[in-house]
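Chains as they are written, first to last, in the working numbering: chain P, 2 to 91; chain L, 2 to 91; chain R, 3 to 154; chain Y, 3 to 154.
Even glycine gets a Cβ: it sits at the ideal position worked out from N, Cα and C.
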């Protein structure tokens, strides 16, 4: 069975994408966070603008740890990836 | 009647001098804080060491405001002068 | 002393500005200073009078980041106890959003550690505010466009 | 809002680490942050286990200096409320000696103002500590020999 990851969206992203969570099967060409983002960007302009590789005001977490968004991080089965706008708590 | 001032001593000074407060008549040659200190120093070594003009670890307040200890400040009738060691509150 | 020295909480109801642990921390041998910070919903915003904010968070990650903030503070200053409580959901104007308390031997470490926790929380803890103004909700923007450097 | 925004007190009995005014300050229009500092009697000192301290002060001047510290803080940061309470007399180990609270629009001003008040209090407010250790009292020395620059 192909490895699967959970992808989560929060706040404005969740609203604009109309999605809070999905499970994605990792194809052989989607082994990193960046290739996942490239794949998501193919879904349309809103996706490309918010979470695509060119998006700037995006934070990415892998397994609930913030990622350096320029990093090339490998994805594994059961990983949880999250995309969200800059945080505004406190 | 000669002008009079109140002089107060606190903490270690109060203990070592055995005095918490006194009223002093200002003679014509005792018109400033520094001449007052010179006069007090004449009372003995402990006085000279704690509040005399050469004493270094002393704080001086005039009418409940901290003075720059090197200042040459005039004294007036009913003034309150206080001598105390560096503060240690908080 | 059975009081936990490190504690985080995500709270979905009214949050007192007073950290109950502070009184217990004062009894610890090395504690000479405590600092408690509260952040609350400001009534006045640039856009007018704020009725409330609505706070979304990332369950699991939010607790994890708050715990990490206390560990980071502990590794950088000699603090001996700390607590962070952050509200989520609907928070009316004037009520506490976040409360950070730390205890240390000396005052400067307590001030610095609490200020550090708040700065880092603002850039790395997954909470998002929506402001309610004139019956309408809008997402609050982060104070600047620069993204924070995530911790290594 | 009838709560006094500026208040000082010399207290001769047990002092809570919680400033009751903070809750009222949170309701003020511009307040987004509060900081409360407590300093307490450390149980452990360089000389051993401390039983208590005994605090002497200069009645009249102590209140005056504390009020001036709040005015100074108000003139340097945009704080909108503040309170300082300082104990005098016999204070057992673990109990609060001093409590400083401030409220402001933004967190950094609250942290900076509270830290400033404490720094200035330590060098200019007329309080003196005597430490009780093994049944003996001795005056606590100021942390260094340099005398503070008095304010102009």
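Counting only Cβ-Cβ distances shorter than 9 Å, please list the residues of the region 40 to 62 of chain R near chain P, keeping chain order.
Result list: 41, 57, 58, 59, 60, 62.
Using 10 angstroms around the beta-carbon of residue 2 of chain R, count the other beta-carbons present and answer buried if the total reaches 16, otherwise exposed.
Past the boundaries of the shown model lies residue 2 of chain R; chain R is included only from 3 to 154, so the question cannot be answered.
Can you grab the Cα-Cα spacing for the pair residue 85 of chain L / residue 49 of chain Y, in whole Å?
So the two alpha carbons sit approximately 24 Å from each other.
Could you compute how far the alpha carbon of residue 28 of chain L sits from the alpha carbon of residue 144 of chain Y?
Cα to Cα, residue 28 of chain L sits roughly 35 Å from residue 144 of chain Y.
Short check: CB of residue 58 of chain R to CB of residue 81 of chain R, under 8 Å?
Contact: no.
Relative to chain L, which residues along the region 122 to 139 of chain Y have a C-beta separation below 9 Å, given in chain order?
Listed by position along the chain: 123, 124, 125, 126, 127, 128, 129, 130, 131, 132.
May I have the straight-line CA-CA distance separating residue 152 of chain Y from residue 75 of chain Y, to the nearest angstrom?
Note that residue 152 of chain Y scores 48 on pLDDT, short of 50, meaning its location in the model is unreliable and no value can be drawn from it.
Please report how far the alpha carbon of residue 38 of chain L lies from the alpha carbon of residue 17 of chain Y, in whole angstroms.
Cα to Cα, residue 38 of chain L sits roughly 38 Å from residue 17 of chain Y.
Is there at least one Cβ from chain Y nearer than 8 Å to residue 7 of chain R's Cβ?
With 8 Å as the cut-off, residue 7 of chain R does not count as an interface residue toward chain Y.
For the region 99 to 124 of chain R, enumerate the residues whose C-beta is nearer than 8 Å to any C-beta of chain P, in chain order.
Within the region 99 to 124 of chain R, the residues whose Cβ lies closer than 8 Å to some Cβ of chain P are 99, 100, 120, 123, 124, listed in chain order.
Pick from Y/36, Y/107, Y/64: whose alpha carbon is nearest that of residue 122 of chain Y?
Nearest C-alpha to residue 122 of chain Y: Y/64.
Give me the Cα-Cα distance between residue 14 of chain R and residue 89 of chain R, rounded to the nearest whole angstrom.
Taking the straight line joining both Cα atoms gives about 6 Å.
Skipping 5 residues on each side, what residues in its chain have a beta carbon closer than 8 Å to that of residue 67 of chain P?
Answer for residue 67 of chain P: 60, 61, listed in chain order.
Looking at the C-beta of residue 37 of chain P, does it have a partner C-beta in chain R at a distance below 8 Å?
It does not; no Cβ of chain R falls within 8 Å.
So, at 7 Å on beta carbons, what are the nonlocal neighbours of residue 4 of chain R in its own chain, with the 5 sequence-adjacent residues on each side left out?
Residue placement at residue 4 of chain R cannot be trusted, given a pLDDT of 49 that sits under 50; what the coordinates show is reported in the next sentence. So the list is empty, once near-sequence residues are dropped.
Curious, which full-length alpha helix (DSSP H) runs of at least 4 residues does the region 61 to 114 of chain Y contain?
Listed in chain order, the complete alpha helix (DSSP H) runs (minimum 4 residues) inside the region 61 to 114 of chain Y are 63 to 78.
Counting C-beta neighbours from all protein chains within 10 Å, is the total for residue 132 of chain Y 16 or more, i.e. buried, or is it exposed?
Buried, by the Cβ-count rule.
Taking the Cβ atom as the reference point for each residue, do residue 21 of chain R and residue 101 of chain R lie within a distance shorter than 8 Å?
Closer than 8 Å, so yes.
For residue 144 of chain Y, go through chain L and note every residue whose CB falls closer than 9 Å to its CB, in chain order.
Those within 9 Å of residue 144 of chain Y in chain L are 58, 86, 87, 88, 89.
Any beta-carbon of chain P closer than 8 Å to the one on residue 17 of chain R?
False, the Cβ-Cβ gap to chain P never drops below 8 Å.
Report all residues from its chain with a CB closer than 7 Å to the CB of residue 63 of chain P; omit the five preceding and five following residues, and keep chain order.
Contacts found: 34, 74, 80, 82.
Would you kindly check if the distance between the Cβ of residue 32 of chain Y and the Cβ of residue 107 of chain Y is under 8 Å?
Cβ distance < 8 Å, so residue 107 of chain Y and residue 32 of chain Y count as in contact.
Quick one: grab the DSSP three-state call for residue 35 of chain R.
Three-state DSSP puts residue 35 of chain R in a strand.
Using C-beta distances below 8 Å, list every residue in its chain close to residue 34 of chain Y, excluding the 5 sequence neighbours before and after it, in chain order.
Excluding positions up to five away in sequence, the list reads 106, 107, 108, 109.
Below 8 Å on the Cβ atoms is my guess for residue 96 of chain R versus residue 28 of chain R; work out the distance and round it to an integer in Å.
Between residue 28 of chain R and residue 96 of chain R the Cβ distance is about 28 Å, and since that is not below 8 Å, they are no contact.
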